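Student:
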Amino acid sequence: MKQKTEAVKEEMKKDQGYTYNVAKTPGFCPNLIKCLKIQSARMSESEELCVLTIDEMSIKPGYRYAADLDCVDGFTSFQEDCKGRPPYATLALVFMARGIVKNCKQVIGYYFTSPTDKFSLKGLVEEAIDVLQSCQLEVASIVCDQSPKNKGLFKELKVTTEKPYFIHKVKKIYAMVDPPHLLKSVRNNLKNHGIYYEDSLVGNTPRACYANWEHIEKLYEMDSKDEFSACRRLTKKHITVSGLKKTNVKLAAQVLSHSVASALSLYVAAQRIECTAIDTARFVKKMDTLFDTMNSRTLKHPKKKCVP
């Protein structure tokens, strides 16, 4: 086991070295773009569809002398607006192209940033779209998380719930928040506040419904004590969500799942939980279906059933 771990570490070092040699300096890398052009030349029209993913991750601040470039690394990439010594870079902003039909992904550029940097994220996004279009790729959407910078980006692009797209050189491009982040936000709001929603049970008449986290807690408490569990994957860690568990997509997906919705419906039918829990069951089912929709690549994508 130890030898296997060491082998994985060696492979990671090789990959990091390869990436550094290809893209040594921040920005949109010409070498990576050249590789992407070669790949796209062999793609069909549908395989050229892609999304532009934008992500910012924390990095350890510090300086390092790059002998091959004869410069010091560790500063922010946006130094022109800095007075005096530029600040440490504490974040890495990465732009990646991801295929919609074809299962492929490719980083096209990155920048080192700090919380105090003032730069146009909108300008970088537009430049990234131009880069991908020069590679004969059709950008259908941009995808990012719910960070304050990205919320500001959506506002600058004039993206709203009523108009979830922007126009770039006569091309309509949709702006989306990463579905896993949305799923975690829904789970957190359900746990902390409960969620009101509308559902039509008879005809097209909407009915006000309320999804309550307490119903899921009661389901766990009763089901975990039963000899034959109706929802065996629901555990204590799904209920007491705190700390880093809030960032775990798997826990959110397992709570807002078809199995939890079915178990709630079963307990309501057996009169073991109050009848209002059916509203929670329907909400959980809606979220499960919506998340499955965002995970599919085709119009009709059958959901695989788990083996009991």
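Numbers 1 to 308, taken from our numbering, label the letters of the sequence shown in order.
Cβ coordinates follow ideal geometry from the N, Cα and C atoms, glycine included.
Since this is a predicted model, take the numbers as computed values, not measurements.
Using the Cβ count rule (16 or more neighbours within 10 Å means buried), how would you classify residue 109?
Tutor: Position 109 of the sequence shown, counted from the start, is the residue given in the question as residue 109. Looking at its Cβ environment, which holds 16 or more other Cβ atoms inside 10 Å, residue 109 is buried.
Student: Could you tell me the boundaries of the alpha helix (DSSP H) in which residue 118 lies?
Tutor: As a first step, residue 118 is located in the sequence shown; it is residue number 118 there, counting from the start. Run containing residue 118: none; DSSP gives neither H nor E here.
Student: My understanding is that residue 89 touches residue 54, with C-beta atoms under 8 Å, so please give their C-beta distance in whole angstroms.
Tutor: Taking the first residue of the sequence shown as 1, we reach residue 89 at position 89. Taking the first residue of the sequence shown as 1, we reach residue 54 at position 54. In fact, because the Cβ distance is near 17 Å, the residues do not count as touching under 8 Å.
Student: From residue 267 to residue 219, what distance separates their C-alpha atoms?
Tutor: Taking the sequence shown and counting its residues from 1, one reaches residue 267 at position 267. Taking the sequence shown and counting its residues from 1, one reaches residue 219 at position 219. The alpha-carbon separation between residue 267 and residue 219 amounts to approximately 8 Å.
Student: Taking 9 Å as the cut-off, decide whether the C-beta atoms of residue 284 and residue 183 are in contact.
Tutor: Translated into the one-based positions of the sequence shown, residue 284 becomes position 284. Translated into the one-based positions of the sequence shown, residue 183 becomes position 183. No. Outside cutoff.
Student: Start and end of the alpha helix (DSSP H) containing residue 230?
Tutor: The sequence position of residue 230 within the sequence shown is 230, counting from 1. Element bounds for residue 230: n/a, residue is neither H nor E.
Student: Starting from residue 93, follow its DSSP beta bridges and name the residues at the other end.
Tutor: Numbered from 1 along the sequence shown, position 93 holds the residue referred to as residue 93. For residue 93, which the question treats as bridged, DSSP gives the partners 56 and 111.
Student: Residue 56: which of 114, 33, 28 and 46 sits nearest, CA to CA?
Tutor: Here residue 56 refers to the residue found at position 56 when the sequence shown is read from its first residue. Nearest option by C-alpha distance: 114.
Student: Out of 78, 247 and 215, point me to the one whose CA is closest to residue 119's CA.
Tutor: Here residue 119 corresponds to residue number 119 of the sequence shown, with the count starting at 1. Answer by Cα proximity: 78.
Student: Measuring only the C-alpha atoms, how far is residue 204 from residue 162?
Tutor: Taking the first residue of the sequence shown as position 1, residue 204 is located at position 204. Taking the first residue of the sequence shown as position 1, residue 162 is located at position 162. Straight-line Cα distance between these residues: approximately 22 Å.
Student: Going by C-alpha distance, which of 211, 33 and 43 is nearest residue 129?
Tutor: Working through the sequence shown from its first residue, we reach residue 129 at position 129. Checked all of 211, 33 and 43; the closest Cα to residue 129 is 33.
Student: Looking only at C-alpha atoms, which of 121, 132 and 253 sits nearest to residue 295?
Tutor: Translated into the one-based positions of the sequence shown, residue 295 becomes position 295. Considering only alpha carbons, the answer is 253.
Student: Enumerated in chain order, which unbroken segments of the beta strand (DSSP E) with a length of 3 residues or greater are wholly contained in the region 157-194?
Tutor: Listed in chain order, they are 165-168 and 171-177.
Student: With a threshold of 16 other CB atoms inside 10 Å of the CB of residue 215, please say whether the residue is buried or exposed.
Tutor: One-based indexing of the sequence shown puts residue 215 at position 215. Flag for residue 215 reads buried.
Student: Classify residue 275: buried if its beta carbon has 16 or more other beta carbons within 10 angstroms, exposed otherwise.
Tutor: Taking the sequence shown and counting its residues from 1, one reaches residue 275 at position 275. So residue 275 ends up on the exposed side.
Student: So, at 6 Å on beta carbons, what are the nonlocal neighbours of residue 261 in its own chain, with the 5 sequence-adjacent residues on each side left out?
Tutor: Counting from 1 along the sequence shown, the entry for residue 261 is found at position 261. Once the five neighbours on either side are set aside, the close Cβ partners of residue 261 are 281, 284 and 285.
Student: Tell me whether residue 312 sits in a helix, a strand or coil according to DSSP, three-state version.
Tutor: For the chain, the structure presents residues 1 to 308; residue 312 sits outside this window and is missing.
Student: Leaving aside the five residues before and after residue 150 along the sequence, list all residues of the same chain whose C-beta is less than 6 Å from its C-beta, in chain order.
Tutor: Working through the sequence shown from its first residue, we reach residue 150 at position 150. Same-chain partners within the cutoff: 144.
Student: Thinking residue 133 and residue 40 are a contact (beta carbons under 8 Å), I'd like their distance in whole angstroms, please.
Tutor: For the purposes of this step, residue 133 is taken as residue 133 along the sequence shown, with counting starting at 1. For the purposes of this step, residue 40 is taken as residue 40 along the sequence shown, with counting starting at 1. Not a contact, Cβ separation roughly 11 Å.
Student: So residue 261 is in the alpha helix (DSSP H); what residue range does that whole segment cover?
Tutor: Working through the sequence shown from its first residue, we reach residue 261 at position 261. Its alpha helix (DSSP H) spans residues 258-269.
Student: Taking just the CA atoms, how far does residue 180 sit from residue 52?
Tutor: Stepping through the sequence shown from its first residue, residue 52 is reached at position 52. Stepping through the sequence shown from its first residue, residue 180 is reached at position 180. The straight-line gap from Cα to Cα measures roughly 16 Å.
Student: Which one of 117, 288, 154 and 48 has the shortest CA to CA distance from residue 100?
Tutor: Working through the sequence shown from its first residue, we reach residue 100 at position 100. Closest by alpha carbon: 48.
Student: In three-state DSSP terms, what is residue 45?
Tutor: On the sequence shown, position 45 is the one that residue 45 refers to. Correct three-state label for residue 45: coil.
Student: Going by DSSP, what residue range makes up the beta strand (DSSP E) through residue 88?
Tutor: Mapped onto the sequence shown, residue 88 falls at position 88. That residue, residue 88, is in no beta strand (DSSP E); it is neither H nor E in DSSP.
Student: Take residue 186 and list the residues in its own chain whose beta-carbon comes closer than 8 Å to its own, dropping the five residues that flank it on each side.
Tutor: As a position in the sequence shown, residue 186 is number 186, starting the count at 1. Here the set comprises 195, 252, 256 and 287.
Student: Would you tell me roughly how many angstroms separate the C-alpha atoms of residue 122 and residue 223, rounded to the nearest one?
Tutor: In the sequence shown, the residue the question calls residue 122 occupies position 122. In the sequence shown, the residue the question calls residue 223 occupies position 223. Cα to Cα, residue 122 sits roughly 49 Å from residue 223.
Student: Using the C-alpha atoms, what's the distance from residue 63 back to residue 279?
Tutor: Taking the sequence shown and counting its residues from 1, one reaches residue 279 at position 279. Taking the sequence shown and counting its residues from 1, one reaches residue 63 at position 63. Straight through space, the alpha carbons of residue 63 and residue 279 are spaced by roughly 55 Å.
Student: Give the secondary structure of residue 98 by DSSP, where H, G and I count as helix, E and B as strand, and everything else as coil.
Tutor: Along the sequence shown, one-based indexing puts residue 98 at 98. In this structure, residue 98 counts as strand in the three-state DSSP scheme.
Student: Pop quiz: residue 140 and residue 174 are said to be a contact at Cβ under 8 Å. What is the actual Cβ separation, rounded to whole angstroms?
Tutor: Locating residue 140 in the sequence shown gives position 140, counting from the first residue. Locating residue 174 in the sequence shown gives position 174, counting from the first residue. Residue 140 to residue 174, Cβ: 7 Å. Contact.
Student: In whole angstroms, give me the CA-to-CA distance for residue 124 and residue 227.
Tutor: On the sequence shown, residue 124 is found 124 positions in, with the first residue counted as 1. On the sequence shown, residue 227 is found 227 positions in, with the first residue counted as 1. Taking C-alpha positions only, residue 124 is separated from residue 227 by approximately 57 Å.
Student: Helix, strand or coil: which one does DSSP assign to residue 216?
Tutor: The residue given as residue 216 occupies position 216 in the sequence shown. Residue 216 falls in the helix class under three-state DSSP.
Student: Run through DSSP, which three-state label would residue 225 get?
Tutor: Here residue 225 corresponds to residue number 225 of the sequence shown, with the count starting at 1. Note: residue 225 maps to coil in three-state DSSP.
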